[in-house]
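Following our numbering, the numbering of the sequence shown begins with 563 at its first residue and continues without gaps.
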Amino acid sequence: MSSDLVRELDSLAAAALGSNPYVGPMSVEAAERDFGINVKAAQEMADVDLLQPGASRLVFSKRVVYRFARIFLTRQRNYNRSIVGAVLNLEQQIAALRAREYNDAARLAASLTNLNLLVDRLDTRIDGLVNELGPNAGAAARITTSVNELQQSQRSVQAAVAMLRADLDVVLHDLRPTGAVPAQPATLADETFDQLAQSKRAEEEAFYERFEDSMRGSTSHVRETLAPYLADLESVRELGGPVIDVGTGRGEWLAMMAEANLDAIGIDTNAEAVQVSQASGLNAICGDGIDYLRTQPAQSVAAVTCFHVVEHLPNQLQVDFVKAAMHALKPGGLLIVETPNPTNLNVGAAAFYLDPTHLRPVNPDYLAFVLRDMGFADVETRFLHPNENYVPRTDPAGRVTLDDELMWALRGPQDYAVIARAPMQPQPSTAGWEQE
């Protein structure tokens with residue numbers, strides 16, 4: 563079918579562009595009419611001659627002129643006859659052109675008829691293909707829609723899973739036995755499952771411990787960044803009671819407090835890190851920091867420190883940690899919480915996510931609000947550890963310029979600490995704190 567159409571189109575192109583192009587019927591008719599008139603006039607005038615002179619007084623003179631004129635008129639007649647012959651030949655050519663015109667018109671009409679038939683056949687075939695492809699096209703569209711919906715659902719499920727994981731952490735804290743309910747005898751399946759879980763957890767802890775060792779810097783660097791907090795702890799030494807370090811890690815801070823003759827206890831969920839601290843003779847416990855604080859006698863702890871832990875916790879556990887610290891601290895006791903500073907864009911947008919266990923950055927204003935809302939007093943925010951190229955603002959009028967803001971956002975403090983004291987007279991929390 564396609565080859566037939568191509569041949570027909572080629573034929574039409576040859577007729578249109580050939581040596582004898584098609585001439586419209588109006589032009590042929592006009593030419594024929596004009597030629598007919600001219601031929602008739604030419605025939606009438608072809609043999610025109612001078613009239614022979616009649617009787618008159620000038621007969622002799624006229625005859626003399628007549629004889630001389632005929633010499634020239636003979637040539638004129640021959641010329642006229644040639645012209646008439648040419649015109650007659652042209653008329654014949656016009657007739658032939660008209661005949662060819664009619665023939666070409668007939669062929670063109672036939673070609674157009676064939677072309678219309680081919681177009682009709684193409685339309686019929688296309689309609690058939692559309693009918694055949696219609697269900698498949700609909701199925702393809704439905705598949706595309708389904709794929710888009712599945713991708714959207716996948717993103718929604720991933721977000722929901724992240725939220726469920728955070729909620730699960732909270733629920734697990736609430737479901738942990740407190741000692742009031744006797745433990746049930748473990749079955750063989752329970753023991754096997756526990757062994758597998760412990761083995762898996764040990765592998766994960768060992769991996770994360772290696773990751774922390776490679777990223778946190780040398781022990782001397784860590785001790786240098788933590789040293790200023792010893793002066794804060796001196797203010798609570800006279801209160802008595804231990805200082806509890808939640809998330810003690812390798813124990814650098816725990817060792818510094820022990821060297822300062824402070825009664826310090828470190829707690830961490832990473833068993834391998836705890837073993838490292840214990841091997842150094844430090845008082846480290848493997849367990850959950852929030853649970854440990856909750857189980858302490860009320861108002862029995864001089865200080866609670868927590869370095870780079872809250873960014874690993876969901877929002878509710880952050881609040882629970884502050885509540886548990888309030889429960890354990892003596893009046894005037896100190897709470898120190900350090901975490902990455904997200905107002906430094908290099909930290910909040912990049913460096914923070916180097917640690918895959920980081921959940922989300924904690925805004926300093928939010929963390930300070932939580933402490934105040936839980937009833938803490940003298941809440942102070944300290945911004946720490948700026949980039950070595952950071953230039954602090956020096957405008958004597960105290961004005962903040964765009965350069966100041968850019969300097970802070972790109973080279974400013976990489977961490978911050980919120981430091982607060984338990985009130986001298988315990989007050990009920992606006993969040994409804996109760997010991998759990």
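For each residue, glycine too, the CB sits at the ideal point set by N, CA and C.
Pick helix, strand or coil for residue i, following the three-state DSSP scheme.
i	result
arginine 812	coil
leucine 875	coil
phenylalanine 869	strand
histidine 920	coil
valine 784	helix
valine 863	strand
proline 926	helix
alanine 789	coil
valine 798	coil
leucine 891	strand
proline 985	coil
valine 909	helix
valine 881	helix
valine 941	strand
What does the alpha-carbon distance come out to for the pair residue i and residue j?
i	j	result
tryptophan 815	leucine 933	23 Å
isoleucine 806	tryptophan 970	33 Å
threonine 686	alanine 648	56 Å
alanine 913	glutamine 976	9 Å
glutamate 852	aspartate 882	Note on residue identity: the sequence assigns isoleucine, not glutamate, to residue 852. Going by the C-alpha atoms only, they are around 7 Å apart.
glutamate 786	glycine 895	24 Å
valine 980	valine 871	13 Å
alanine 668	alanine 661	11 Å
asparagine 903	threonine 857	31 Å
threonine 867	valine 838	19 Å
aspartate 676	alanine 657	Here residue 676 is asparagine; the residue named in the question, aspartate, does not match the sequence. Taking the straight line from one Cα to the other gives about 29 Å.
glycine 803	proline 859	11 Å
alanine 833	threonine 706	49 Å
glycine 809	asparagine 925	20 Å
glutamate 873	glutamate 711	33 Å
tyrosine 584	isoleucine 645	For tyrosine 584, the predicted structure reports a pLDDT of 48, less than 50, and the residue's modelled location is therefore unreliable. A value from the coordinates is still provided. Distance between the alpha carbons of tyrosine 584 and isoleucine 645: 28 Å.
leucine 891	serine 842	27 Å
Residue i: which of the options sits nearest, CA to CA?
i	options	result
cysteine 848	Ala913, Ile829 and Met936	Ile829
valine 953	Asp966, Arg643 and Tyr664	Asp966
tyrosine 978	Gly910, Ala886, Gln861 and Lys885	Gly910
arginine 973	Val962, Thr963 and Asn949	Asn949
leucine 788	His947, Asp917, Leu659 and Val863	His947
threonine 781	Leu795, Ala793, Asp794 and Gly811	Gly811
Kindly identify the DSSP beta-bridge partner or partners of residue i.
i	result
valine 999	A query on residue 999 cannot be resolved here, the shown segment of the chain reaching from 563 to 998 and no further.
valine 899	Cys868 and Val980
leucine 946	Asp977
valine 805	Ala826 and Ala865
isoleucine 847	Ile829
Use the C-beta contact count for residue i: other C-beta atoms within 10 angstroms, 16 or more gives buried, fewer gives exposed.
i	result
methionine 986	exposed
tyrosine 664	exposed
threonine 636	exposed
valine 836	buried
valine 681	exposed
isoleucine 898	buried
tyrosine 791	buried
valine 743	Caution applies to valine 743, whose pLDDT of 43 falls short of 50 and renders its modelled position unreliable; the value that the coordinates give is listed next. Label assigned to valine 743: exposed.
glutamine 654	exposed
asparagine 951	exposed
Under 9 Å between C-beta atoms, does residue i make it to chain D?
i	result
alanine 984	In the structure shown, chain D cannot be found, because there is only a single protein chain.
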